[in-house]
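Right, one structure below, let's go through it.
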Amino acid sequence: MMESYPQLQHDLEHRVQVRTGRQIRGLVVELRPEKVILHGRTSTYYAKQLAQHGIREVLPHVRLENAITVVTASMAGYQESRHGPARSGTSQSACWADS
Numbered sequence: 825m826m827e828s829y830p831q832l833q834h835d836l837e838h839r840v841q842v843r844t845g846r847q848i849r850g851l852v853v854e855l856r857p858e859k860v861i862l863h864g865r866t867s868t869y870y871a872k873q874l875a876q877h878g879i880r881e882v883l884p885h886v887r888l889e890n891a892i893t894v895v896t897a898s899m900a901g902y903q904e905s906r907h908g909p910a911r912s913g914t915s916q917s918a919c920w921a922d923s
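Right, dumping it as structure tokens:
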């Protein structure tokens with residue numbers, strides 16, 4: 825069973841981070857007996873695709889579920905507008921355009 829291979833999980837996570845130029849935040853490679861699941865967040869669909877190719881280089885025939893979420897700048901702005909501006913000790917302003 826793949827879930828008993830912590831070294832494989834670490835190696836896959838490292839390979840994905842290198843392949844994507846560390847563009848996947850909160851990356852977790854979940855190893856299950858029947859499949860591999862990628863979790864995390866990125867700002868581009870290209871990085872999401874690169875993450876998938878990183879796994880395929882090592883495990884070309886495994887069933888792969890890519891659950892990486894692509895968060896675009898407009899989505900981040902939408903969430904900020906719903907929950908108020910981020911608090912980081914400095915004031916932040918944002919400009920939104922309704923479409």
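Each residue of the sequence shown is one higher than the last, beginning at 825 in the numbering used here. Even for Gly, the Cβ is constructed at its ideal location relative to N, Cα and C.
Approximately 12 Å separates the beta-carbon atoms of Val853 and Gln831; this is outside 8 Å, ruling out the contact. DSSP places Gly845 in the coil class of the three-state scheme, outside both helix and strand. An exposed status is given to Gly845, since fewer than 16 other beta-carbon atoms sit within 10 Å of its beta-carbon. Under the three-state reduction of DSSP output, His838 falls in the helix class. Counting C-beta atoms within 10 angstroms of its own C-beta, Lys872 has 16 or more neighbours from the protein chains shown and is therefore classed as buried.
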